[in-house]
Amino acid sequence: MTDDIRQLSAQYAADPTSLVFLRLGEALRHRGQLDAALKVALGGLGRYPHLPDAHDLYARVLADRHDYATAFDEWDTVLRLSPHHLGAHKGIGFLYYRAGEPEHALYHLRLAAELDPGDAGLRAAVERVAGGREIWDTPVPVAPPVREAEPMEASVAASEPFVGLEGAHDRLLLVDQDGLRLGGGLLGPDGQDVSEVAGAVLAGTAREAARAARLLELGEWTHLALEASEVGVCLLNPTADTSLVAVMDAGLPAGQLTFFAERAAKAARTWLERVR
Amino acid sequence: MTGQYGPLLETLTRLRGIRGAMVVALGDGLVVAESLMGGVKGPALAAMGASVASKAAELAGRAGFGPPRFLHLQASDGSLLVAPAGGDLVLVAIAGRDVPLGLLRLEMLRLAERLA
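Which chain is which? The protein sequence lines are Z and Y, in order. Everything in the first sequence is counted per my numbering, starting at 9 for the first residue and increasing by one. Everything in the second sequence is counted per my numbering, starting at 581 for the first residue and increasing by one.
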């Protein structure tokens, strides 16, 4: 054990309610002692559930442990508590970049660079993500970018609800209340078309989710997220008589999956209004 | 059985916003152990936790998604969370609004691993 960790551990042991857990957790993380860092972060978060820095520390440890989904949610929590939190913007920027979402990554990293203009490494990261574009003269957008073009009114095809969306034919499936396919499609991890077999149980699963929310007095259900070994799945009802499933690779942030599903649901509603 | 699982469930129900947790048999929704706050309908929670888990497992199985690891039903006033705990058992929790879901998920996965 190094001197700084020894000293911080002693301070933490002497007063477990103090904020020294933030420095101790970070020191342990830097030393690669991730199990110990996680324990310290969770202990601190238990005492200070509304402290942005406690969530930030927890998220950093999770990211080091490659649990990117939970880290994303934790940094998302930080930004709800503290919208100008430097660490959270850097962290979410990194996760978006890793997930292949450079525009979202750039948005958060630029906000971070504005918060800490002296961080040369951060400026270099922004320039790398920007891919050579001249970006410092343009202001940071006031809101995160929209990922792809919204389905254009004029181009909504009668046969396809998810035109223009990523995964329109293999990761998004819309079914009616009998489980019959209305649009999109699903491919299993082995490349097989599983739209029909999944559709057969999709509507029933959505009905069961609605029933559970009602019987447990949880209010209106919004979505059901399923973490499986191969993929992450989000199920929701775009309208009262349709169900939609969205599939992403396992390990991507849960918030990103929900966002993806909600955008697909919006596209499905637009399409249903046109074709009905 | 409840005595064996009780202390484990209490580590979960001590978390902010958690209204109850149970170990439930997936096949018939029977309660193996529970730690619930007043007002939580235990039999309904057990039945619905098992039922939603079964449906999700069927969906995952048919589509080749692989075995479910964690389930999160989000509703306007709270959440139902389920983690398979090995064999026929599932760990079920009910939470109110504004809970630290990431922390809760991690704790449930850890607990489910210990139960397995």
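Just so you know, even glycine gets a beta-carbon here, dropped at the ideal spot from N, CA and C.
Amino acids of chain Y, ordered along the chain, whose beta-carbon sits closer than 7 Å to that of residue i
{"i": "residue 213 of chain Z", "result": "635, 636, 639"}
{"i": "residue 82 of chain Z", "result": "682"}
{"i": "residue 196 of chain Z", "result": "643, 644"}
{"i": "residue 223 of chain Z", "result": "624, 628"}
{"i": "residue 206 of chain Z", "result": "639, 642, 643"}
{"i": "residue 250 of chain Z", "result": "The contacting residues do not exist; residue 250 of chain Z stays about 16 Å from chain Y at best."}
{"i": "residue 57 of chain Z", "result": "596, 680"}
Interface residues of chain Y facing residue i [CB-CB closer than 8 Å]
{"i": "residue 228 of chain Z", "result": "655, 656"}
{"i": "residue 202 of chain Z", "result": "642, 643, 644"}
{"i": "residue 239 of chain Z", "result": "645, 646"}
{"i": "residue 209 of chain Z", "result": "635, 638, 639, 642"}
{"i": "residue 53 of chain Z", "result": "680, 683"}
Top-ranked residue by Cα proximity to residue i, from the options
{"i": "residue 663 of chain Y", "options": "Y:655, Y:674, Y:679, Y:641", "result": "Y:674"}
{"i": "residue 236 of chain Z", "options": "Y:649, Y:597, Y:602", "result": "Y:649"}
{"i": "residue 230 of chain Z", "options": "Z:269, Z:141, Z:152", "result": "Z:269"}
{"i": "residue 42 of chain Z", "options": "Z:26, Z:56, Z:71", "result": "Z:71"}
{"i": "residue 255 of chain Z", "options": "Z:266, Z:88, Z:126", "result": "Z:266"}
{"i": "residue 240 of chain Z", "options": "Z:217, Z:228, Z:264, Z:123", "result": "Z:264"}
{"i": "residue 107 of chain Z", "options": "Z:76, Z:189, Z:81", "result": "Z:76"}
{"i": "residue 627 of chain Y", "options": "Y:641, Y:639, Y:612, Y:617", "result": "Y:612"}
{"i": "residue 679 of chain Y", "options": "Y:591, Y:638, Y:586, Y:595", "result": "Y:595"}
{"i": "residue 658 of chain Y", "options": "Y:585, Y:635, Y:597, Y:691", "result": "Y:597"}
{"i": "residue 645 of chain Y", "options": "Z:198, Z:261, Z:22", "result": "Z:198"}
{"i": "residue 176 of chain Z", "options": "Z:211, Z:275, Z:109", "result": "Z:275"}
{"i": "residue 47 of chain Z", "options": "Y:690, Y:643, Y:696, Y:604", "result": "Y:690"}
{"i": "residue 669 of chain Y", "options": "Y:686, Y:624, Y:692", "result": "Y:692"}
{"i": "residue 53 of chain Z", "options": "Y:686, Y:655, Y:695", "result": "Y:686"}
{"i": "residue 123 of chain Z", "options": "Z:148, Z:212, Z:152", "result": "Z:148"}
{"i": "residue 616 of chain Y", "options": "Y:591, Y:681, Y:607, Y:665", "result": "Y:591"}
{"i": "residue 655 of chain Y", "options": "Y:676, Y:604, Y:688", "result": "Y:676"}
{"i": "residue 244 of chain Z", "options": "Z:200, Z:205, Z:223, Z:182", "result": "Z:182"}
{"i": "residue 284 of chain Z", "options": "Z:190, Z:203, Z:10, Z:34", "result": "Z:190"}
{"i": "residue 221 of chain Z", "options": "Y:625, Y:635, Y:666", "result": "Y:625"}
{"i": "residue 178 of chain Z", "options": "Y:695, Y:639, Y:652, Y:643", "result": "Y:643"}
Contact list for residue i against chain Y, beta-carbon separation under 9 Å
{"i": "residue 272 of chain Z", "result": "Correct list: empty, because the minimum Cβ distance to chain Y is about 16 Å."}
{"i": "residue 85 of chain Z", "result": "680, 681, 682"}
{"i": "residue 78 of chain Z", "result": "681, 682, 683, 685, 686"}
{"i": "residue 50 of chain Z", "result": "683, 686, 687"}
Counterpart residues of residue i in DSSP-defined beta bridges
{"i": "residue 658 of chain Y", "result": "Y:655"}
{"i": "residue 230 of chain Z", "result": "In the DSSP output, where bridge partners are listed per residue, residue 230 of chain Z has none listed."}
{"i": "residue 143 of chain Z", "result": "Paired residue(s): none; residue 143 of chain Z is not in a bridge."}
{"i": "residue 179 of chain Z", "result": "Z:194"}
{"i": "residue 611 of chain Y", "result": "Y:604"}
{"i": "residue 240 of chain Z", "result": "Z:235, Z:256"}
{"i": "residue 90 of chain Z", "result": "None, per the DSSP bridge assignment."}
{"i": "residue 251 of chain Z", "result": "Z:183"}
{"i": "residue 201 of chain Z", "result": "Z:195"}
{"i": "residue 598 of chain Y", "result": "Y:675"}
{"i": "residue 189 of chain Z", "result": "Z:183"}
8 Å CB neighbourhood of residue i in its chain, flanking five on each side removed
{"i": "residue 631 of chain Y", "result": "609"}
{"i": "residue 620 of chain Y", "result": "599, 600, 674"}
{"i": "residue 249 of chain Z", "result": "184, 185"}
{"i": "residue 584 of chain Y", "result": "613"}
{"i": "residue 28 of chain Z", "result": "16, 19, 20"}
Per-residue contacts from residue i into chain Z (C-beta, under 7 Å)
{"i": "residue 632 of chain Y", "result": "216, 217, 220"}
{"i": "residue 688 of chain Y", "result": "Chain Z residues near residue 688 of chain Y: none, gap ~11 Å exceeds 7 Å."}
{"i": "residue 691 of chain Y", "result": "Per Cβ cutoff of 7 Å: no residues; residue 691 of chain Y is ~13 Å from chain Z at best."}
Contacts around residue i, its chain only, beta-carbon distance under 7 Å, and the 5 residues preceding and following it disregarded
{"i": "residue 272 of chain Z", "result": "170, 173, 180, 252, 254"}
{"i": "residue 131 of chain Z", "result": "121"}
{"i": "residue 25 of chain Z", "result": "55"}
{"i": "residue 581 of chain Y", "result": "Caution applies to residue 581 of chain Y, whose pLDDT of 45 falls short of 50 and renders its modelled position unreliable; the value that the coordinates give is listed next. Once the five neighbours on either side are set aside, the close Cβ partners of residue 581 of chain Y are 612, 613."}
{"i": "residue 164 of chain Z", "result": "Annotation note: pLDDT 38 at residue 164 of chain Z (below 50); position unreliable, coordinate value reported separately. Around residue 164 of chain Z: 171, 278, 279, 282."}
{"i": "residue 153 of chain Z", "result": "111, 112, 115"}
{"i": "residue 150 of chain Z", "result": "none"}
Under 9 Å by beta carbon: chain Z residues contacting residue i
{"i": "residue 695 of chain Y", "result": "Going along chain Z, no residue has its Cβ under 9 Å from residue 695 of chain Y, so there is no contact; the nearest lies around 17 Å."}
{"i": "residue 651 of chain Y", "result": "232, 233, 234, 235"}
Contacts that residue i makes with chain Z (C-beta to C-beta distance below 8 Å)
{"i": "residue 660 of chain Y", "result": "220, 221, 224, 226"}
Nonlocal neighbours in the same chain, by C-beta distance under 6 Å from residue i, ignoring five residues either side
{"i": "residue 614 of chain Y", "result": "602, 622"}
{"i": "residue 246 of chain Z", "result": "252, 273, 276, 277"}
{"i": "residue 160 of chain Z", "result": "Confidence in residue 160 of chain Z is poor, its pLDDT being 37 and thus under 50, which makes the residue's placement too unreliable to answer from."}
{"i": "residue 158 of chain Z", "result": "With a pLDDT of only 42 at residue 158 of chain Z, under the threshold of 50, the placement of this residue in the model should not be trusted; the figure read from the coordinates follows. For residue 158 of chain Z, where only same-chain residues beyond five positions count, there are no Cβ hits under 6 Å."}
{"i": "residue 66 of chain Z", "result": "49, 53, 82"}
{"i": "residue 79 of chain Z", "result": "67, 70, 71"}
* Could you run through the region 586-610 of chain Y and flag, in chain order, every residue whose CB is less than 8 Å away from some CB of chain A? => Included in the structure are the protein chains Z and Y, with no chain A among them.
* Asked: Enumerated in chain order, which unbroken segments of the alpha helix (DSSP H) with a length of 4 residues or greater are wholly contained in the region 616-695 of chain Y?
  -> 622-643, 681-695
* Asked: Which parts of the region 48-76 of chain Z are runs of the alpha helix (DSSP H), unbroken and 4 residues or longer, counting only runs that do not cross its ends?
  -> 60-72
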